[in-house]
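See below for the structure under consideration.
There are 2 protein chains.
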Amino acid sequence: MGEVKHLCLVKFKEGIIVDDLLKGMTELVSQMDMVKSFEWGEDVLNQEMLTQGFTHVFSLTFASTEDLTSYMSHERHAAFAGTFMAALDKVVVIDFPVVIAKPAPA
Amino acid sequence: MGEVKHLCLVKFKEGIIVDDLLKGMTELVSQMDMVKSFEWGEDVLNQEMLTQGFTHVFSLTFASTEDLTSYMSHERHAAFAGTFMAALDKVVVIDFPVVIAKPAPA
Numbered sequence: 061m062g063e064v065k066h067l068c069l070v071k072f073k074e075g076i077i078v079d080d081l082l083k084g085m086t087e088l089v090s091q092m093d094m095v096k097s098f099e100w101g102e103d104v105l106n107q108e109m110l111t112q113g114f115t116h117v118f119s120l121t122f123a124s125t126e127d128l129t130s131y132m133s134h135e136r137h138a139a140f141a142g143t144f145m146a147a148l149d150k151v152v153v154i155d156f157p158v159v160i161a162k163p164a165p166a
Numbered sequence: 061m062g063e064v065k066h067l068c069l070v071k072f073k074e075g076i077i078v079d080d081l082l083k084g085m086t087e088l089v090s091q092m093d094m095v096k097s098f099e100w101g102e103d104v105l106n107q108e109m110l111t112q113g114f115t116h117v118f119s120l121t122f123a124s125t126e127d128l129t130s131y132m133s134h135e136r137h138a139a140f141a142g143t144f145m146a147a148l149d150k151v152v153v154i155d156f157p158v159v160i161a162k163p164a165p166a
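Chains as they are written, first to last, in the numbering used here: chain A, 61 to 166; chain B, 61 to 166.
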């Protein structure tokens, strides 16, 4: 069994200070050993028809479904998720085992 | 400048044979040298409230924005995108420079 990703696409409410949330998320993730890696990004092409208003992507990688479950059910995640969700106008979350169809060159 | 990702979240129309589209996508990507890597996955937790009906994620990684642009404007991509988009009930596309907030252990 390979890696599992927890992916969030979000649109923040107006007036939200994204840097503060990012700081909180980075701090949380750094404390949680079951999170293998964490990357994020902000849409640059701004094609409203395609992004549907979503502006940011947050992607957490886990070594297994067990690690994902242990993260999701952790009280620190629950505490942060409450604050985070309250800052969002829209969100989509998808959890999926990663299938590597074209590996990065070594 | 680091990597750039082209991320698609989709919900397929009823009756679509996903394997056929995946085969086409994998073939396309394997022919396009500017695509550094390609991974995909299917949601496993099925939390409708969070997934909003989206079921699959497709993620292409490029070494630079120039490579992404060259891929997006390539006629082979345009040809495939037409077929692909016609198979979708819903889609969100986000293009973003990757910020690594917690790197995977070496």
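In this text, a Cβ means the ideal position worked out from N, Cα and C, and glycines have one as well.
List, in order along the chain, the chain B residues whose C-beta lies closer than 8 Å to that of residue i?
i       : result
T171(A) : What is shown of chain A runs 61 to 166, which leaves residue 171(A) out entirely.
Which chain B residues sit within Cβ distance under 7 Å of residue i?
i       : result
D155(A) : D103, V104 and L105
Q112(A) : V152
By Cβ distance below 8 Å, which residues in the same chain neighbour residue i in space, the five residues on each side in sequence not counted?
i      : result
V95(A) : V89, L120, T121, F122, D127 and Y131
Which chain A residues are close to residue i, counting only those with a beta carbon under 7 Å from its beta carbon?
i      : result
F98(B) : A161 and K162
L69(B) : L69, V152 and I154
State the CB to CB distance for the pair residue i and residue j, rounded to an integer number of angstroms; the pair is presumed to be in contact (CB under 8 Å).
i       : j       : result
V152(B) : V152(A) : 7 Å
S97(A)  : P163(B) : 6 Å
L67(A)  : V117(B) : 6 Å
H134(A) : M92(A)  : 7 Å
Short of 6 Å in beta carbon distance, which residues of its chain neighbour residue i, apart from the five on each side in sequence? Order them along the chain.
i       : result
E99(B)  : S119
D103(B) : T111 and T115
H137(B) : Y131
Can you name the residues of chain A whose CB is closer than 8 Å to the CB of residue i?
i       : result
K65(B)  : G101 and V117
V78(B)  : Correct list: empty, because the minimum Cβ distance to chain A is about 12 Å.
T121(B) : A164
If the cut is a Cβ gap below 9 Å, which residues of chain B does residue i touch?
i      : result
S90(A) : A161 and K162
Please compile the residues from chain A whose C-beta is within a distance smaller than 9 Å of the C-beta of residue i.
i      : result
V95(B) : K162
Could you pull the DSSP bridge partners for residue i from this structure?
i       : result
H185(B) : Since the first residue shown for chain B is 61 and the last is 166, residue 185(B) is missing from the structure and cannot be characterised.
**Message:** If contact is defined by three or more beta carbon pairs under 8 Å, each pair taking one atom from either stretch, is the region 69–88 of chain B in contact with the region 145–154 of chain B?
**Reply:** yes
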